[in-house]
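Below is one structure, written out as structure tokens; comments come after it.
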């Protein structure tokens, strides 16, 4: 997509990885893995304001971006869990307190 070639995006991407150099999904599992992908938390689908919104970004490693995040976007379920075994998905029955 043409938005990824814009100099504004390249600067935002560089700043994101400088400020948050490790994968947030791996960090939740107690692993320190360098991030190489700047991901849009809410898919922008061509919306420029969402695309360039720095609050809508997270740093991920390529593995998490290409596997975990893509599965989440397709299924709506966040796979995996933290280092104590608690699932990441807030809707998982283990995360419901009633």
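In my numbering, the protein residues as written are 120 to 217. The C-beta atom is built at its ideal place from N, Cα and C for all residues, glycine as well.
- For residue 200, the closest alpha carbon among the candidates 135, 126, 122 and 146 is that of 146.
- Straight through space, the alpha carbons of residue 132 and residue 186 are spaced by roughly 20 angstroms.
- Comparing alpha-carbon positions, the option among 163, 182, 203 and 143 lying closest to residue 172 turns out to be 163.
- Under DSSP, residue 126 takes part in no beta bridge, so it has no partner.
- According to DSSP, residue pairing for residue 177 in a beta bridge involves 158.
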